[in-house]
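Under this note's numbering, the first residue of the sequence shown is numbered 1, with each subsequent residue one higher. In what follows, a structure is listed as structure tokens, so that the remarks can point back to it.
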Amino acid sequence: MNKAVKFSILDLSPVPQGENVKTALDRSRALAQHGESLGFERFWMAEHHGMAGIASAATSVALAHVGAGTKTIRIGAGGIMLPNHAPMVIAEQFGTLEALFPGRVDLGLGRAPGSDQRVAQAMRRNLNTDPNQFPRDVLELQALLEGDAGLGIEATPGAGSKIPLYILGSSLFGAQLAAALGLPYAFASHFAPQALDEALAIYRRDFKPSAQLSEPYAMCGFNIFAADTDDEAEHLATSMMQSFVALRTGNPGKLPPPVEGYRESLPPQAQSMLAQIMQGSAVGAPDAVLSDVRAFLDRTQADELIVCGSIFDQAAREKSYGLAAEVRDLIAA
Numbered sequence: 001m002n003k004a005v006k007f008s009i010l011d012l013s014p015v016p017q018g019e020n021v022k023t024a025l026d027r028s029r030a031l032a033q034h035g036e037s038l039g040f041e042r043f044w045m046a047e048h049h050g051m052a053g054i055a056s057a058a059t060s061v062a063l064a065h066v067g068a069g070t071k072t073i074r075i076g077a078g079g080i081m082l083p084n085h086a087p088m089v090i091a092e093q094f095g096t097l098e099a100l101f102p103g104r105v106d107l108g109l110g111r112a113p114g115s116d117q118r119v120a121q122a123m124r125r126n127l128n129t130d131p132n133q134f135p136r137d138v139l140e141l142q143a144l145l146e147g148d149a150g151l152g153i154e155a156t157p158g159a160g161s162k163i164p165l166y167i168l169g170s171s172l173f174g175a176q177l178a179a180a181l182g183l184p185y186a187f188a189s190h191f192a193p194q195a196l197d198e199a200l201a202i203y204r205r206d207f208k209p210s211a212q213l214s215e216p217y218a219m220c221g222f223n224i225f226a227a228d229t230d231d232e233a234e235h236l237a238t239s240m241m242q243s244f245v246a247l248r249t250g251n252p253g254k255l256p257p258p259v260e261g262y263r264e265s266l267p268p269q270a271q272s273m274l275a276q277i278m279q280g281s282a283v284g285a286p287d288a289v290l291s292d293v294r295a296f297l298d299r300t301q302a303d304e305l306i307v308c309g310s311i312f313d314q315a316a317r318e319k320s321y322g323l324a325a326e327v328r329d330l331i332a333a
């Protein structure tokens, strides 16, 4: 690896046990301010619905809160689940963000609903199974943001903003679409790393240059739990591990406090599931994190690492990102 790799932040705005949505969103804003001071490239928030432990369901509103508290870091969605929305609505929402925070807004797009069937129905979402619907919606949204006169309608605000679009994915479909449209591709390797290598290979092989992008640009999600010692970092990571297990067993909730020896306390099947999910992760003291990040970047040749890490204690969370920034600087040097 011989290129400068950007580091960014992906935040789910986790709601800790004993706290509320206001606390979670204020913690997200504080983390964005911390990330800005550390030189992270962008701060993205993700759309999830019907989950007590995630405060960023109204993603554009949450981003406005973050944007108002920052000055230079890019803000954006990682991502907006486009099947939940009319492209016109998203063009207006993100056009508003771009008007408020000019030159700082990104729009990452995913095709998963970010919810279960009951929540999807409650959102009055059209459960369209046509595989071409998502690509059509992306093209329509792109045209709205460009201000294409051929549409016969104008998104206000939004038209002419030319907000950069990113395609998100955890399968080969997103890689193929991003390549065909000449858009940057962000792979969700922080929780679904199974198809990572094949997806990146397809994206780079099939990429067609576009007005937005002349050559492939790949982002990879990556969990970092960094602390002064390996044991402390492992302890911090158990909050997210508990959340993963709760989600996979149909019992999601607020972010729990860390538990000593949690991974070892699980039955073998749950340990195996966690090990698979956390392949795209570095947990440890700075030297261990540096080694794992280098190995991941050598493997993927990613242009950008978007770092995730739901940590119960805010001070420990900010310290982890601070250590991640030191790792970034060591790699750049």
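Cβ atoms here follow ideal geometry from the backbone N, Cα and C, with glycine treated the same way.
Item, Value
"Cβ-based neighbour list, V259, same chain, cut-off 6 Å, excluding 5 preceding and 5 following", "T238"
"Cβ pair count under 8 Å reaching 3, the stretch 26-46 against the stretch 263-272", "no"
"Contact the stretch 277-288 vs the stretch 198-213: 3+ CB pairs below 8 Å", "no"
"Option nearest P252 by Cα separation, candidates L109, A324, G50 and R29", "G50"
"Assigned secondary structure, M219 (DSSP; H/G/I helix, E/B strand, else coil)", "strand"
"Coil, strand or helix - D26 by DSSP", "helix"
"Span separating the alpha-carbon of L274 from that of A282", "13 Å"
"Identity of the residues DSSP links to E232 by a beta bridge", "None, per the DSSP bridge assignment."
"For M123, the nearest candidate out of G309, P83 and V138 (CA to CA)", "P83"
"Option nearest L141 by Cα separation, candidates L181, G169 and Q17", "L181"
"Inter-residue spacing [alpha-carbon to alpha-carbon] between R317 and I80", "24 Å"
"For M45, the residue or residues it bridges with in DSSP", "D11 and A77"
"Selection from R111, L145, Q117 and V89 that minimises the alpha carbon distance to P135", "R111"
"Whole-angstrom distance between F244 and V105, CA atom to CA atom", "29 Å"
"Three-state class that DSSP yields for V259 in the structure shown", "coil"
"Cross-strand partners of L330 (DSSP beta bridge)", "BP columns for L330 are empty, so no partner."
"C-beta contact flag for S161 and L183 at 8 Å", "no"
"Check whether H65 and R42 have beta carbons under 8 Å apart", "no"
"Same chain, Cβ closer than 6 Å to R27, five either side skipped, listed in chain order", "Q314"
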